[in-house]
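Chemist: Residue numbers (the numbering used here): 4 to 188. Every residue gets a Cβ at the ideal spot worked out from N, C-alpha and C, and that includes glycine.
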Ligand SMILES: [Zn+2]
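This is how it looks when you write it as structure tokens:
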């Protein structure tokens with residue numbers, strides 16, 4: 004299970020492994036936590052007390068330290084897995100759901116015609132639809148979009164990136180995802 008790391012103000016920073024979280028706990032790097040502990044890590048026996056060291060891992064941890072001010076303005080990096088997750092594995096042209104292997108990153112305005120490789124110009128398409136559209140604009144190909152692209156927020160990006168997300172983590176992240184996001188679907 005991964006742990007959701009926040010900065011001290013509650014802004015999501017990263018998914019970290021249980022091991023990485025344990026290092027933060029052990030070095031007193033955690034400011035506060037959210038959610039019930041989901042596992043307990045046991046370490047060596049402490050010579051002074053004779054007790055085995057024990058770290059309770061929480062699903063969400065906020066780390067000590069200053070808050071970088073530019074982080075809010077950052078646009079999440081675009082990747083195919085995140086794009087397909089944003090679009091719920093549905094082809095924007097035929098409206099059918101596909102396995103990731105059968106999906107492509109489709110540029111609404113083709114890159115050969117000046118289109119950018121950005122969240123707002125990219126949409127999920129199945130291979131046949133992408134091939135049919137080719138080097139044309141949607142209106143030239145007489146293809147319309149079933150849904151529109153958008154730029155995911157920082158919280159939404161964490162959901163798109165997560166592998167197995169615990170209920171406490173999902174609740175925390177979804178609370179800050181805009182209502183019009185498809186993740187609320
Ligand atoms: Zn399609």
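Buried or exposed: which applies to residue 61, given that a residue is buried once 16 or more other Cβ atoms fall within 10 Å of its Cβ?
Modeler: As a position in the chain shown, residue 61 is number 58, starting the count at 1. So residue 61 counts as buried.
Chemist: Considering only DSSP beta bridges, list what residue 8 is partnered with.
Modeler: Stepping through the chain shown from its first residue, residue 8 is reached at position 5. According to DSSP, residue 8 bridges with 17 and 64.
Chemist: Go to residue 2, then tell me how far its alpha helix (DSSP H) extends in each direction, as first and last residue.
Modeler: The question about residue 2 has no answer, for the chain in this structure spans 4 to 188.
Chemist: According to DSSP, simplified to helix, strand and coil, what is residue 189?
Modeler: This structure cannot speak to residue 189, because the chain is shown only from 4 to 188.
Chemist: Could you give the distance in angstroms between the alpha-carbon of residue 70 and the alpha-carbon of residue 155?
Modeler: To locate residue 70, count along the chain shown from 1; it is residue 67. To locate residue 155, count along the chain shown from 1; it is residue 152. Going by the C-alpha atoms only, they are around 21 Å apart.
Chemist: Let's test the definition: count the other Cβ atoms within 10 Å of the Cβ of residue 183 and tell me whether it reaches 16, buried, or not, exposed.
Modeler: Counted from its first residue, the chain shown places residue 183 at position 180. Its Cβ having fewer than 16 others within 10 Å, residue 183 is exposed.
Chemist: For residue 110, does the count of other Cβ atoms within 10 angstroms reach 16, so buried, or fall short, so exposed?
Modeler: For the purposes of this step, residue 110 is identified with residue 107 of the chain shown, where counting begins at 1. Buried, since its Cβ has 16 or more Cβ neighbours within 10 Å.
Chemist: What do you get for residue 31, buried or exposed, if any count of 16 or more other CB atoms within 10 angstroms of its CB means buried?
Modeler: For the purposes of this step, residue 31 is identified with residue 28 of the chain shown, where counting begins at 1. Exposed, since its Cβ has fewer than 16 Cβ neighbours within 10 Å.
Chemist: Could you check if residue 95 is buried or exposed, using at least 16 other CB atoms within 10 Å of its CB as the buried criterion?
Modeler: Counting from 1 along the chain shown, the entry for residue 95 is found at position 92. By the 10 Å Cβ count, residue 95 comes out buried.
Chemist: Could you give the distance in angstroms between the alpha-carbon of residue 78 and the alpha-carbon of residue 120?
Modeler: Looking up residue 78 in the chain shown gives position 75. Looking up residue 120 in the chain shown gives position 117. Whole-angstrom Cα-Cα distance: 13 Å.
Chemist: Let me know the secondary structure DSSP gives residue 174 once reduced to three states.
Modeler: Counting from one through the chain shown, the residue named residue 174 turns up at place 171. Three-state DSSP puts residue 174 in a helix.
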